[in-house]
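The sequence shown begins at -6 in this note's numbering and counts up by one.
Cβ atoms here follow ideal geometry from the backbone N, Cα and C, with glycine treated the same way.
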Amino acid sequence: MKTDIEISQEVVLLPIDKVAQSIGLTEEALELYGKYKAKINVSTMQCLNEKQEGKLILVTSINPTPAGEGKSTVTIGLGDAMNRIGKKTIIALREPSLGPVMGIKGGATGGGYAQVLPMEDINLHFTGDMHAITTANNALSALLDNHIQQGNELGIDSRRVIWKRVLDLNDRELRQIIIGLGGPIQGVPREDGFDITVASEIMAILCLASDLEDLKFRLGNIVVGYTFEKEPVTVGDLGVQGALTLLLKEAIKPNLVQTIYGTAAFVHGGPFANIAHGCNSILATKTALQLGDYVVTEAGFGADLGAEKFLDIKVPNLKKAPDAVVIVATVRALKMHGGMNKEELNKENISALIKGFGNLQKHIENMKKYGLPVVVAINEFVSDTENEIGTLRELCETIGVPVELTSVWEKGAEGGEALAKRVVQVVEEQTADFKSIYQLGMNLEEKIKAIVTTIYGGKNVTFSKKANAQITTFEKYGWDRLPICMAKTQYSLSDDSQQLGRPEDFTITIRELVPKIGAGFIVALTGDVMTMPGLPKKPAALNMDVDKDGNAIGLF
């Protein structure tokens, strides 16, 4: 069995200008990064604004398990398959972070014969967007600490600085640190810490900004800390939003690459869905919508995180709701949600499958609450039995949800034809009637409770003493009217990663709230979710190498 990288390295890539031509872009629209990668320039995006938008397909999934779901693979394979059946389709994905690439989760370029290429470049440094975001974030940290050192004109209380440094790697050692040691000329000592780059508010801002001016405006609204009088201090107060925008002026441009089959793919921005809002950039999605008849995009992790944030945070900024939602599930993962151990998943177990179906059913119900048509994609594994697949089909059909088997990992575009035809049928026959599950006029507690009770299926929400105090502060500044971005484990509908399936009667505890005023939402931290992950005992990096010709080895 060939590895993903072996498959990708056998593909003869099209020059990126040929890919651009296939979606109506001329060479003048591109800023080339070698032969197979390009960015779309600002003037081109501005010219596209008057074009009619295509249909939007959102791909999401059940709660992820170690058994694997293959959401990105299905997203890419569906895009290829829709082009195969004659629908002009473009794919819009997030950029991978080096943290999971070098850690345990792996990359984010799909797998098998459903990949975006060149996968080595995309999974490593790509066009430098992650570097630019990291640099802008840390430049702000340096400018902030310099302001405090050089007289502190704004009266910033160094004990109340909430802005953290970032790094695009998993490194638990940097979660909590002390900076400024070594005497007066080395700075003002204070507690600090690192988040992973994809958790940076600047990543969220880049992905939600509509243009450069909006980017600068949002950067200026970032709250970095509080004064001795407990008043918020923003980037605008420091006067450095222009410098940060300068560092990001290239990163804001969407990246164009291709799939194995030459389908155009915009891969741009990469916030995690368990600690951020989990969607690729507004500009990439919008550009794709203006160039294609259909756009297939994804949201991170399960529908309780990625899809909820796509619908409640991204859609109001994109000003376009999905025309249909595809929920990816596997027999293996559902059996795990039904109580089976990972080591036994190759064995047929109908009772575990039926029990685990509750997880999928909850996500289906949730997407329908938003008024969106739903299609279930069964991502086929070699160990699946006919009896198990037939049972899962029957369970979906019993609740009136269209379902199709897909095998794009093994068969590429051909393996996704049935799903593609079903998605097109659903879009043509059903009209989306989008409605959010909460209104912005609700207070913070009401919005969080709406997410917990409606989307997660929980019974109640409790707030720590710290969170309650923060709510009072946020109400003072009107921040309570912003959307909510829940930071929660991806493995469970609850805030306990061990509660698989469809847990009930649980209570979610909000331990802390973080204002992301530039991004335009409030992060609610639950459970033990970390904004700086750690590496596993045997990280994926141990298998990676490069040959004498510079070709990557062991990159999945």
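What are the residues that DSSP puts in a beta bridge with residue i?
i: E397; result: A370
i: R158; result: F187
i: Q251; result: L110 and A257
i: F456; result: I503
i: F221; result: According to DSSP, which records beta bridges pairwise, F221 is partnered with nothing at all.
i: F514; result: K509
i: S54; result: V321
i: G408; result: None, per the DSSP bridge assignment.
Decide if residue i is buried, meaning its Cβ has at least 16 other Cβ atoms within 10 Å, or exposed.
i: A462; result: exposed
i: V375; result: exposed
i: E243; result: exposed
i: L237; result: buried
i: R152; result: exposed
i: I320; result: buried
i: N56; result: buried
i: T424; result: exposed
i: N550; result: It is not possible to answer for residue 550, since the shown part of the chain is limited to -6 through 549.
i: S344; result: exposed
i: I155; result: exposed
i: E390; result: exposed
i: G175; result: exposed
i: D426; result: exposed
i: I149; result: buried
i: N342; result: buried
Rounded to a whole number of angstroms, what is the C-alpha to C-alpha distance between residue i and residue j?
i: V368; j: V394; result: 6 Å
i: V35; j: G96; result: 35 Å
i: V308; j: A202; result: 13 Å
i: N273; j: H261; result: 6 Å
i: K44; j: K279; result: 10 Å
i: D185; j: Q483; result: 26 Å
i: V216; j: P177; result: 26 Å
i: E422; j: D10; result: 36 Å
i: L212; j: V288; result: 29 Å
i: G63; j: Q143; result: 51 Å
i: M75; j: I50; result: 11 Å
i: L353; j: E336; result: 22 Å
i: F294; j: N372; result: 15 Å
i: K30; j: E20; result: 12 Å
i: N536; j: Y470; result: 50 Å
i: G494; j: S485; result: 7 Å
i: A292; j: A300; result: 6 Å
i: K312; j: Q2; result: 38 Å
i: L23; j: P8; result: 12 Å
i: A460; j: V417; result: 45 Å
i: P529; j: G92; result: 11 Å
Quick one: residues in its chain with C-beta nearer than 6 Å to the C-beta of residue i, no 5 flanking neighbours on either side, listed in chain order?
i: V94; result: G100 and N116
i: L241; result: A125 and A129
i: Y431; result: K440 and A443
i: M329; result: T58 and A60
i: M196; result: I126 and P264
i: A534; result: M95
i: L388; result: F350
i: P476; result: D305, I306 and F514
Grab me the residues of residue i's own chain with a C-beta within less than 7 Å of its C-beta, minus the 5 sequence neighbours each way, in chain order.
i: L136; result: L231 and V233
i: I16; result: I83, A257, L284 and G285
i: C200; result: G262, P264, C272, N273, S274 and I275
i: K414; result: I78
i: L346; result: V324, L327, K328, G331, E381, T384 and L385
Answer yes or no: do residue i and residue j have a C-beta to C-beta separation smaller than 8 Å?
i: G285; j: T82; result: yes
i: T323; j: A132; result: no
i: I245; j: V522; result: no
i: G70; j: T399; result: yes
i: G47; j: L412; result: no
i: D305; j: S429; result: yes
i: K481; j: T519; result: yes
i: D297; j: I448; result: yes
i: K348; j: G450; result: no
i: L110; j: V4; result: yes
i: K32; j: T120; result: yes
i: P89; j: T68; result: no
i: C52; j: T290; result: It should be pointed out that residue 52 corresponds to Val in this sequence rather than to Cys. Yes, these two residues count as a Cβ contact at 8 Å.
i: A517; j: M479; result: yes
i: E194; j: A545; result: no
Excluding the 5 residues preceding and the 5 following residue i in the sequence, name in chain order all residues of the same chain whose CB lies nearer than 8 Å to its CB.
i: L147; result: H140, T220, V226, D230 and L231
i: G105; result: D(-3), I0, T66, V401, W402, E403 and G405
i: K452; result: T446, E497, D498, F499 and T500
i: F467; result: L437, D473, L506, P508 and I515
i: F187; result: K157, R158, V159, L160, D164, L167, R168, I170 and M525
Under 7 Å from any heavy atom of the ligand SAH, does the C-beta of residue i make it?
i: V417; result: This structure simply doesn't include the ligand SAH, nor any ligand for that matter.
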